[in-house]
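Enquirer:
There are 2 protein chains.
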Amino acid sequence: MRITKEAKKKTAQKILRAAEKLFTSVGYKDTTTRQIAEQAGIATGTLFNYFPSKETLAMSLLAEEISQGREDYFRRRSDDEDFSEDLFLLISSEIRRLKPYRKFVGPVLESTMSLFSKETSCPAGDSTRAEHLQAVRDIIHNHGYSKIPDYISTSLYWSLYLGILAFWSTDESRNQEETLALMDYSINVFTQTISNPTL
Amino acid sequence: MRITKEAKKKTAQKILRAAEKLFTSVGYKDTTTRQIAEQAGIATGTLFNYFPSKETLAMSLLAEEISQGREDYFRRRSDDEDFSEDLFLLISSEIRRLKPYRKFVGPVLESTMSLFSKETSCPAGDSTRAEHLQAVRDIIHNHGYSKIPDYISTSLYWSLYLGILAFWSTDESRNQEETLALMDYSINVFTQTISNPTL
DNA sequence: TCATTAAAATGAGCGTGATCATTTTATCTT
DNA sequence: AAGATAAAATGATCACGCTCATTTTAATGA
Numbered sequence: 004m005r006i007t008k009e010a011k012k013k014t015a016q017k018i019l020r021a022a023e024k025l026f027t028s029v030g031y032k033d034t035t036t037r038q039i040a041e042q043a044g045i046a047t048g049t050l051f052n053y054f055p056s057k058e059t060l061a062m063s064l065l066a067e068e069i070s071q072g073r074e075d076y077f078r079r080r081s082d083d084e085d086f087s088e089d090l091f092l093l094i095s096s097e098i099r100r101l102k103p104y105r106k107f108v109g110p111v112l113e114s115t116m117s118l119f120s121k122e123t124s125c126p127a128g129d130s131t132r133a134e135h136l137q138a139v140r141d142i143i144h145n146h147g148y149s150k151i152p153d154y155i156s157t158s159l160y161w162s163l164y165l166g167i168l169a170f171w172s173t174d175e176s177r178n179q180e181e182t183l184a185l186m187d188y189s190i191n192v193f194t195q196t197i198s199n200p201t202l
Numbered sequence: 004m005r006i007t008k009e010a011k012k013k014t015a016q017k018i019l020r021a022a023e024k025l026f027t028s029v030g031y032k033d034t035t036t037r038q039i040a041e042q043a044g045i046a047t048g049t050l051f052n053y054f055p056s057k058e059t060l061a062m063s064l065l066a067e068e069i070s071q072g073r074e075d076y077f078r079r080r081s082d083d084e085d086f087s088e089d090l091f092l093l094i095s096s097e098i099r100r101l102k103p104y105r106k107f108v109g110p111v112l113e114s115t116m117s118l119f120s121k122e123t124s125c126p127a128g129d130s131t132r133a134e135h136l137q138a139v140r141d142i143i144h145n146h147g148y149s150k151i152p153d154y155i156s157t158s159l160y161w162s163l164y165l166g167i168l169a170f171w172s173t174d175e176s177r178n179q180e181e182t183l184a185l186m187d188y189s190i191n192v193f194t195q196t197i198s199n200p201t202l
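Chains W and P, in that order, are what the protein sequence lines are. In terms of the working numbering, the first sequence has 57 at position 54, counting the first letter as 1, and numbering is strictly consecutive. In terms of the working numbering, the second sequence has 189 at position 186, counting the first letter as 1, and numbering is strictly consecutive.
Spelled out as structure tokens, the structure:
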């Protein structure tokens, strides 16, 4: 029993490592599930016993990193940072963790954390979104902000957040410094909006 | 020769009308290209002689409406509206035209006008984006705005714009009034940002 | 030790969007 | 009117993500 469970984890890891390697080198769309299975040394069908879809498999890789990034943030944050600094730290912590996967972040997040559907067919994406938004809500609450309806702040935030990730994923400026600039603007915009709605 | 060209247009129209009908009733993803071809009375392969992909076919429908909406805007706008009003009029004119297609706008725009890729495999989407952004740039220029880098204002705008379309496409509030509220906030945010960057 | 049985792996097969060699149709030439 | 030529339609076929009936593996109990 114990052996079996460990073996299962090992297989899941083999699949994840194979997918990581191929997505990074060949790209997300150009990697087939048959290739991943072959690289992992299993049958095609077995892959789907572990991950219900190619999308979910890819998102599992990213979800883990985003989650780690959020933990980095919780570890680093201090109580005397202001609202904007808190948000900046959260987002940049996630992005730092995502760096190795930058090449295939786009097509995966586009469908799993889409602006266009609150519920996707990818649980890993849905929970990543929910957890990130909860972290943001906590930050807002800690700073006593938000004078606007929740659906407005959530929609605005998610648009700006995805915009940052999208920009970053194809940012070819040195050290992705343009992404930093965009983050500054986006976060300031959001801060102003929820603290001073009439502006 | 003339007859042939007219016949071609007629076939293209048959395909568009068949697709429109099916996308609206069955949904975008649940409609197969074989169904569309059957409904249009042609072979499956023929469909792809007219539209290189299902995505492009769907986007052709939306691109036409968005383009019409933009023309509506050009017709209605007056020189003494302020910047925010201009933007509001542009976006709401497009949305009005898109109303009949609301049910399948999401999955199509998500991939054809994605935040995550400037160039998609859908020319109709690429040019719709380019033309809309040009209209916005013209509005900005007409009002003598923009004190921030172009890549920042473009990224910010596109995030907010897609956020509005995404929200609208699933907005179940009466008369989509929540969408109007989101538009107000989004546009004000954008206006403030490009006119007074330090805020 | 060897049945029993539940879990896990397997790969043939499905429906999809898309391709392309072939066939059909329509126009032009003589 | 018949032949030549180009354009357009066709549907068998492909590769893909994914499913599922079957086979294989391994833990359990007599």
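Beta carbons: idealized from backbone N, C-alpha and C, even for Gly. This one's a predicted model, so the numbers in the text were calculated from it and none came from an experiment.
1. Using beta carbons (cut-off 8 angstroms, strictly below), is P:Ser70 in contact with chain W?
2. When you compare the CB of W:Glu181 with every CB in chain P, is at least one pair closer than 8 angstroms?
3. Going by C-alpha to C-alpha distance, which of W:Pro110, W:Glu68 and W:Glu41 sits closest to W:Tyr31?
4. My parser needs the alpha helix (DSSP H) runs of 4 or more residues fully inside the segment 74 to 146 of chain W; what are they?
5. Could you spell out where the alpha helix (DSSP H) holding P:Ser198 opens and where it closes?
6. For W:Arg37, report the span of its alpha helix (DSSP H) as first-last.
7. Residues of the segment 154 to 171 of chain W with a CB closer than 9 angstroms to any CB of chain P: list them in chain order, please.
8. Enumerate in chain order the residues of its own chain whose CB-to-CB distance from P:Thr182 is below 8 angstroms, with the five nearest sequence positions on each side excluded.
9. Tell me the DSSP secondary structure of P:Met4 in three-state form.
10. In chain P, what lies closer than 7 angstroms to W:Thr196 by C-beta?
11. For the putative contact between W:Tyr188 and P:Ile45, defined by C-beta atoms under 8 angstroms, what is the C-beta separation to the nearest angstrom?
12. Considering only the alpha carbon of each residue, which of P:Asn191, P:Asn199 and P:Ser198 lies closest to P:Glu88?
13. Do the segment 55 to 66 of chain P and the segment 119 to 126 of chain P make contact, defined as three or more Cβ pairs closer than 8 angstroms?
14. Alpha carbon to alpha carbon, how far is P:Thr194 from P:Leu92? Give it in angstroms, no decimals.
15. With burial defined as no fewer than 16 other Cβ atoms inside 10 Å of the residue's Cβ, what is the status of P:Met4: buried or exposed?
16. Taking 8 angstroms as the CB-CB cut-off, is P:Pro55 touching chain W?
17. With DSSP collapsed to three states, give me the class of P:Ser63.
18. Which of the three DSSP states, helix, strand or coil, is assigned to W:Ile151?
19. Can you give me the Cβ contacts of W:Ala15 inside the same chain, cut-off strictly under 6 angstroms, excluding the 5 residues immediately before and after it?
20. In whole angstroms, what is the alpha-carbon distance linking P:Leu3 and W:Lys17?
Expert: The short version:
1. no
2. Yes, because at least one Cβ of chain P sits closer than 8 angstroms to the Cβ of W:Glu181.
3. W:Pro110
4. Counting only runs of 4 or more, we get 86 to 101, 105 to 115 and 126 to 145.
5. Glu180 to Ser198 is the span of the alpha helix (DSSP H), which, as asked, contains P:Ser198.
6. Thr36 to Ala43
7. Tyr154, Ile155, Ser156, Ser158, Leu159, Trp161, Ser162, Leu163, Tyr164, Leu165, Gly166, Ile167, Leu168, Ala169 and Phe170
8. Ile98, Ile167, Phe170, Trp171, Asp174 and Ser176
9. With a pLDDT of only 39 at P:Met4, under 50, the local geometry of the prediction cannot be trusted, and no value is derived from it.
10. Tyr188 and Val192
11. In fact, because the Cβ distance is near 49 angstroms, the residues do not count as touching under 8 angstroms.
12. Nearest option by C-alpha distance: P:Asn191.
13. yes
14. 14 angstroms
15. Note that P:Met4 scores a pLDDT of 39, beneath 50, so its modelled location is shaky; the value from the coordinates is reported in the next line. Counting Cβ neighbours within 10 Å, P:Met4 comes out exposed, since fewer than 16 surround it.
16. no
17. helix
18. coil
19. Tyr53
20. An answer regarding residue 3 of chain P cannot be provided, because it is not within the stretch 4 to 202 covered by chain P.
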